[in-house]
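Reviewing the structure listed below.
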Amino acid sequence: MKRFIIIFAFLFLAMPVLAMAEQPPKEVANITQAFIKGGLVIKGEGLPRKDAATPGEKMLTAKRAATVVAQRNMAEVLNGVIVTGQTTVKDMALESDQIRSTVEGMIKGAQIIYDAYDSLTGIAVVYLAIKVDGADGLNGQLLPQILSTLPQPTAPAYAPPAALPVEPLQPYDALILDIKEHAFKPALINRILAQNGEILYDPTKIAQNILVERGAGDYTNDVGKAKALLSERGAKNPLVVKAAGVVKFTDVQVSGDDAANIFTSNQKANFLEGAKVVFVLK
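Note that the working numbering gives residue 141 to position 49 of the sequence shown, counting from 1, and the numbers run on in steps of one.
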């Protein structure tokens, strides 16, 4: 008997933890916050059908109505996600049936992370969630469809100056871009440009598995948090650069000296190819 209890306890502890939250989560419907926090969390409320007779039927129809509202709200937020420049997901979905069906599939497949029903008021609430990174997130589901339809950038790739900066004693192995002084917006594709417009970092050129898993990089609102995020990926000495400006809200410009420094450091560590980049926002 004692052995059976021990085995049962082991199996119980080994069971996966359910994703359903016990308390209402905090809604994350702002695009910028979604990129910082790693995902969207959208709320919907609903009432029972008027012809629902039993308490159980009232609860089920109210939750179904709340799910439909949450899905509609999710669609509105997803359509506003910026792809690159001033192009949104909605813009691309209008031109591509494949992208439109992908967005619709994401909405229908969004995970319910919390639901509840108040029998006194008859109101049900449902929270849906979609991650940003990973195969089942925004990057994994949208980017493979979008990459094939994106026009090629007209700007040339970055051409380093003849005299490159002296390398530091401890090589830089990641990049932190401080953009707090500029009106910057996270997007599925955030590029880094030199001040002459040459492209220093284009996420569409990195390996697709890395792009799906990490996107253009990470997003936070503090340089210290940025260093912590990169430390989790093995980076010990990130290069911190203050942005010189922003183009079309999504492309970060850096000074000529910083562009040369980023290029030289990346030649050794290949951190751009690994998307070991963090954008620090307001």
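Glycine residues also receive a C-beta, built at the ideal position from the N, C-alpha and C atoms.
Where the alpha helix (DSSP H) through residue i begins and ends
{"i": "A246", "result": "Strictly speaking, residue 246 in this sequence is Thr, with Ala absent from that position. No alpha helix (DSSP H) holds T246; DSSP gives it neither H nor E."}
{"i": "Q203", "result": "That residue, Q203, is in no alpha helix (DSSP H); its beta strand (DSSP E) goes Q203 to D210."}
{"i": "F127", "result": "I123 to K129"}
{"i": "G197", "result": "D189 to K200"}
{"i": "P252", "result": "Where P252 is concerned, there is no enclosing alpha helix (DSSP H), given that its DSSP letter is neither H nor E."}
{"i": "Q37", "result": "Nothing about residue 37 can be reported from this structure: the residues present for the chain run from 93 to 374 only."}
{"i": "L303", "result": "Q300 to R306"}
Range covered by the beta strand (DSSP E) that runs through residue i
{"i": "T312", "result": "D310 to T312"}
{"i": "L321", "result": "Premise fails: L321 lies in the alpha helix (DSSP H), V315 to S323, not in any beta strand (DSSP E)."}
{"i": "V346", "result": "D343 to V346"}
{"i": "V72", "result": "Residue 72 lies beyond the stretch modelled for the chain, which goes from 93 to 374, so this question has no answer here."}
{"i": "G337", "result": "G337 to V339"}
Integer-rounded CB distance, given that residue j should sit under 8 Å from residue i
{"i": "V217", "j": "D207", "result": "7 Å"}
{"i": "Y264", "j": "A361", "result": "7 Å"}
{"i": "P330", "j": "A266", "result": "4 Å"}
{"i": "G136", "j": "A158", "result": "5 Å"}
{"i": "A202", "j": "I222", "result": "5 Å"}
{"i": "A367", "j": "A308", "result": "7 Å"}
{"i": "K334", "j": "D270", "result": "5 Å"}
{"i": "A286", "j": "V346", "result": "7 Å"}
{"i": "I134", "j": "L234", "result": "Not quite, the Cβ-Cβ distance comes to about 16 Å (not below 8 Å), so this is no contact."}
{"i": "V161", "j": "G138", "result": "6 Å"}
{"i": "A318", "j": "V372", "result": "5 Å"}
{"i": "E290", "j": "G226", "result": "At roughly 32 Å, the Cβ-Cβ gap does not stay under 8 Å, so E290 and G226 are not in contact."}
{"i": "L292", "j": "I284", "result": "5 Å"}
{"i": "I191", "j": "I238", "result": "7 Å"}
{"i": "I205", "j": "P117", "result": "6 Å"}
According to DSSP, residues forming a beta bridge with residue i
{"i": "V332", "result": "I268"}
{"i": "N137", "result": "Note that residue 137 corresponds to Glu in the displayed sequence, not to Asn. Paired residue(s): V217."}
{"i": "K223", "result": "G131"}
**Request:** Go through the stretch 139 to 181 residue by residue and report every complete run of the alpha helix (DSSP H) that reaches 4 residues or more, in order.
**Result:** 147 to 171
**Message:** I want to know whether the stretch 168 to 188 touches the stretch 273 to 288 - three or more CB-CB distances under 8 Å.
**Reply:** Yes, since at least three Cβ pairs between the stretch 168 to 188 and the stretch 273 to 288 fall closer than 8 Å, the two stretches touch.
**Ordered list of beta strand (DSSP E) runs contained in the stretch 254 to 291, each at least 3 residues** = 267 to 270 and 284 to 286
**Request:** Please confirm if the stretch 305 to 322 is in contact with the stretch 117 to 136, defined as three or more CB-CB distances below 8 Å between the two stretches.
**Result:** Segment contact: the stretch 305 to 322 against the stretch 117 to 136, three or more CB-CB distances shorter than 8 Å; contact assigned.
**Asked** Is there contact here, the stretch 317 to 331 with the stretch 246 to 259, by at least three beta-carbon pairs under 8 Å?
**Response** no
**Message:** For the stretch 229 to 246 against the stretch 294 to 303, do three or more pairs of beta-carbon atoms, one drawn from each stretch, fall closer than 8 Å, so that the two count as touching?
**Reply:** yes
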